[in-house]
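Undergrad: My questions all concern the structure below.
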Amino acid sequence: MQSTSNRDLGVGLFVLLGLAVIAYLSLQVGGLSLGDSGGLVLYATFDDIGGLSPRSSVRIGGVRVGRVESIDLDEDLRARVELNLTQGLELPIDSAAAIRTSGLLGDQFVALEPGAEDDLLVSGEDFSFTESAMNLDKLIGTVVHGDGLGGGD
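Heads up: the sequence shown begins at 17 in the numbering used here, then just goes up one per residue.
Following this line, the structure appears as structure tokens:
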């Protein structure tokens, strides 16, 4: 009777450990965390965010350094994007945030360009320099109709 009880306990612990590992991996794959990451939280305001969405990546030089936490409208009806960046990341106050696309039709992400100032952005501050998403429809219209490319006369 004792050996059956020990075996049942061992199987139960093994199953519990397996479920914990599966839950952890599910959170990691889903880009979620188990609480506040303690990283740098910055804001960027854009006229047009295109297809940017929460959980999109934030990159510097192609390296992922964070993610888009949320997107809301500010009082001027512009998109205000909350960025959650890697703990310990330091960005000069004149850094810029731009919305870029991976490939021609790929996912959109926020690309950060570090500035040159000595003063650093602190958590809760806004980027002073931003560049909205390129609107592919407007670009195609510009090329087709010649607007703004020296054509059309």
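Beta carbons are placed, not taken as given, at the ideal position from N, Cα and C, and that holds for glycine.
Only a predicted model underlies this, so the values are computations on that prediction, with no experimental measurement involved.
Taking F143 as the reference, give the member of V27, S86, A112 and S42 with the closest Cα.
TA: Here residue 143 refers to the residue found at position 127 when the sequence shown is read from its first residue. For the residues V27, S86, A112 and S42, the minimum Cα distance to F143 belongs to A112.
Undergrad: Applying the 10 Å Cβ sphere with the 16-neighbour rule, what's the burial state of L107?
TA: Walking along the sequence shown from the start, residue 107 turns up at place 91. Burial call: buried.
Undergrad: Counting Cβ pairs closer than 8 Å, one from the region 74-92 and one from the region 132-140, do we hit at least three?
TA: They do not touch, by the three-pair rule.
Undergrad: If you measure from the beta carbon of S69 to each beta carbon in chain D, is any gap under 7 Å?
TA: The structure shown has no chain D; it contains just one protein chain.
Undergrad: Secondary structure at L120, three-state DSSP: helix, strand or coil?
TA: In the sequence shown, the residue the question calls residue 120 occupies position 104. It is coil, neither helix nor strand.
Undergrad: Hey, how far is the Cα of V37 from the Cα of G26?
TA: Within the sequence shown, the letter at position 21 stands for residue 37. Within the sequence shown, the letter at position 10 stands for residue 26. Near 17 Å, if we compare the C-alpha coordinates of G26 and V37.
Undergrad: Using the beta-carbon count (16 or more within 10 Å), is N100 buried or exposed?
TA: Numbered from 1 along the sequence shown, position 84 holds the residue referred to as residue 100. So N100 ends up on the buried side.
Undergrad: Are the CB atoms of V81 and L105 nearer to each other than 7 Å?
TA: By one-based count along the sequence shown, residue 81 stands at place 65. By one-based count along the sequence shown, residue 105 stands at place 89. Cβ distance < 7 Å, so V81 and L105 count as in contact.
Undergrad: Taking just the CA atoms, how far does P130 sit from E85?
TA: Taking the first residue of the sequence shown as 1, we reach residue 85 at position 69. Taking the first residue of the sequence shown as 1, we reach residue 130 at position 114. Cα to Cα, the separation comes out at about 20 Å.
Undergrad: What is the DSSP secondary structure of A39, reduced to helix, strand or coil?
TA: By 1-based counting over the sequence shown, the position of residue 39 is 23. Note: A39 maps to helix in three-state DSSP.
Undergrad: Does the beta-carbon of S72 have 16 or more other beta-carbons within 10 angstroms, so that it is buried, or is it exposed?
TA: Your numbering for residue 72 matches position 56 in the sequence shown. Burial call: buried.
Undergrad: Distance, Cα to Cα, G119 vs V79?
TA: Your numbering for residue 119 matches position 103 in the sequence shown. Your numbering for residue 79 matches position 63 in the sequence shown. Across the structure, G119 and V79 are spaced so that their CA atoms are roughly 15 Å apart.
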